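Numbering-wise (the numbering used here), the sequence shown opens with residue 1 and increments by one.
Glycine included, every Cβ here is placed at the ideal spot set by N, Cα and C.
Quick caveat: nothing in here was measured; it's all calculated off a predicted structure.
Here's the structure, in structure tokens; my notes come after.
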Amino acid sequence: MFIDNVEITLSSGNGGPGSVSFRREKHVILGGPDGGDGGRGGDVYFKVDKNTHTLSHFRRKQHLKAKNGQAGMGRKMYGKSGESLKIIVPPGTQIIDLESGEILYDLLEDGEEILFIQGGKGGLGNVHFKSSTNQKPNYAQPGLLGVTRDVKLELKLIADVGLVGFPNVGKSTLISIISNATPQIADYEFTTLTPKLGVVDVGDYRSFVMADIPGIIGGASEGKGLGIQFLKHIERTKFLLYMLDVSSYRSLEDQYITLTKEVENFSPYLTKSDYAIALTRCDTQDAKIINGKLQEILNLVKLDKKVDTKSENCEYFIQDIYERDAEKPFFVIPISSIAKINIDRLNYALADIVYEDKELGI
């Protein structure tokens with residue numbers, strides 16, 4: 001089960017109380033106070049682990065607590081500190097204050113660890129309160145209480161390439177063909193109900209991570225369909241691949257305008273991301289028709305490129321990686337995942353743009 005946000009209560013441990021004790025030994029006359037301090041309460045930590053992929057393990061855990069510190073003992077013995085609570089989360093997890101909505105931490109790096117709540121301090125034993133005027137203190141400090149926080153954990157997947165398209169346009173088929181992901185695939189809309197990540201290996205020691213999210217429909221940024229709950233998973237994606245279905249009853253222009261509008265409405269930041277366009281299911285129509293649709297899209301995005309509409313093979317367009325216009329799609333490629341048409345070209349083009357961005361530190 002994929003769970004991408006949970007609400008939980010976290011509590012650090014209470015400090016243990018100090019001890020009220022007096023030294024009582026044979027041959028020791030008038031032994032003074034020797035009560036030890038209480039142990040410190042356990043802290044609460046968050047740790048990022050890339051081997052964890054969901055927040056589902058918090059589904060039935062409403063209140064998580066660190067251990068309390070133990071009470072101090074006689075003979076100036078300290079109480080044992082409470083065991084700290086370490087919460088394991090996947091990369092891309094945000095910790096949000098439930099009351100204010102403030103993002104407290106954004107955990108991205110594998111192995112990253114933060115101290116979230118400190119445990120309560122242990123109380124002082126009565127040994128600390130002896131003096132010349134108070135040689136028999138019969139009191140000690142109670143331990144300080146731990147802190148309780150109500151938080152929301154929200155997971156936003158981290159990927160190099162995010163697939164954006166209407167339901168049932170072939171996103172899941174593509175990611176299953178070119179990566180190690182195994183999404184559900186069927187001939188009806190909304191077969192993808194949860195986001196999926198896949199690692200695409202293109203050889204030459206190059207690979208990238210692709211994210212497949214549930215299909216977007218008009219009004220998704222306002223919550224229609226599976227809506228905004230999954231649009232957020234492409235927020236961290238620096239490169240978007242818009243997938244337009246050439247066999248759909250929707251025109252390519254309608255698909256493209258609707259998708260880009262929903263992405264812009266959801267996050268204006270995403271509209272500044274590099275992007276490309278894949279025309280899917282090009283095996284369902286004649287190459288000449290596909291080339292005509294390719295020309296249609298090139299005209300729509302104002303790319304000055306003429307396509308040979310009489311060609312018997314599916315044409316494609318890829319900008320020069322070093323001279324590209326970032327305002328326009330890096331490439332427009334007709335593909336077929338089933339027939340493996342232009343799949344290798346797609347993979348290499350995606351790898352080129354991903355690795356160029358990484359070299360530039362984008």
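| said: Suppose the cutoff is 7 angstroms on Cβ atoms and the five residues either side in sequence are ignored; what does the same chain contact list for R281 look like? | reply: One-based indexing of the sequence shown puts residue 281 at position 281. Same-chain partners within the cutoff: G170, D245, V246, S247, S336.
| message | Mapping the DSSP letters down to three states, classify L108 as helix, strand or coil. | response | Mapped onto the sequence shown, residue 108 falls at position 108. Note: L108 maps to coil in three-state DSSP.
| task | Alpha carbon to alpha carbon, how far is D49 from G92? Give it in angstroms, no decimals. | result | The residue you call residue 92 lines up with position 92 of the sequence shown. The residue you call residue 49 lines up with position 49 of the sequence shown. So the alpha carbons of these two residues sit roughly 10 angstroms apart.
| field | Helix, strand or coil at I321 according to DSSP, with G and I counted as helix | value | For this step, residue 321 is matched to residue 321 along the sequence shown. Looking at I321 - three-state DSSP - the assignment turns out to be coil, as it is neither helix nor strand.
| Every unbroken alpha helix (DSSP H) inside the segment 113-192 [4 residues or more] | Assignment of alpha helix (DSSP H) within the segment 113-192, counting only whole runs of 4 or more residues, yields 171-178 in chain order.
| Can you pull the DSSP bridge partners for D245? | Taking the first residue of the sequence shown as 1, we reach residue 245 at position 245. Looking at the DSSP output, D245 bridges to T280.
| With a Cβ-Cβ cutoff of 9 angstroms, do L85 and I96 count as a contact? | Locating residue 85 in the sequence shown gives position 85, counting from the first residue. Locating residue 96 in the sequence shown gives position 96, counting from the first residue. If you check the CB distance, L85 and I96 do not come in under 9 angstroms.
| message | Classify T237: buried if its beta carbon has 16 or more other beta carbons within 10 angstroms, exposed otherwise. | response | Sequence index remark: in the sequence shown, residue 237 carries index 237 (1-based). Answer is buried; the Cβ neighbour count reaches 16.
| field | Own chain, CB closer than 7 angstroms to R149, minus 5 neighbours either side, in chain order | value | Position 149 of the sequence shown, counting from 1, holds the residue named residue 149. Residues of the same chain with a CB within less than 7 angstroms of the CB of R149, apart from the 5 flanking positions on each side, are L10, I117 in chain order.
| task | Return the CA-CA distance between D160 and M210, expressed in angstroms with no decimal places. | result | Translated into positions along the sequence shown, residue 160 becomes position 160. Translated into positions along the sequence shown, residue 210 becomes position 210. In this structure, the straight-line span from the alpha carbon of D160 to that of M210 is close to 6 angstroms.
| Candidates Y275, I297, E112, S273: which alpha carbon is nearest D254's? | For this step, residue 254 is matched to residue 254 along the sequence shown. Its Cα nearest to that of D254, the residue I297 stands out among Y275, I297, E112, S273.
| Does the distance from the CB of L363 to the CB of E235 come in under 9 angstroms? | The chain is shown only over 1 to 362; residue 363 falls outside these bounds and no answer can be derived.
| Which stretch, first to last residue, makes up the beta strand (DSSP E) that contains L10? | Reading the sequence shown from its first residue, position 10 is the one you call residue 10. Counting along the chain, the beta strand (DSSP E) containing L10 begins and ends at 5-11.
| request: Pick helix, strand or coil for Q94, following the three-state DSSP scheme. | output: Against the sequence shown, residue 94 aligns to sequence position 94. Strand at Q94.
| query | Does the count of Cβ pairs from the segment 320-330 and the segment 122-129 closer than 8 angstroms reach three? | reply | No, the segment 320-330 is not in contact with the segment 122-129.
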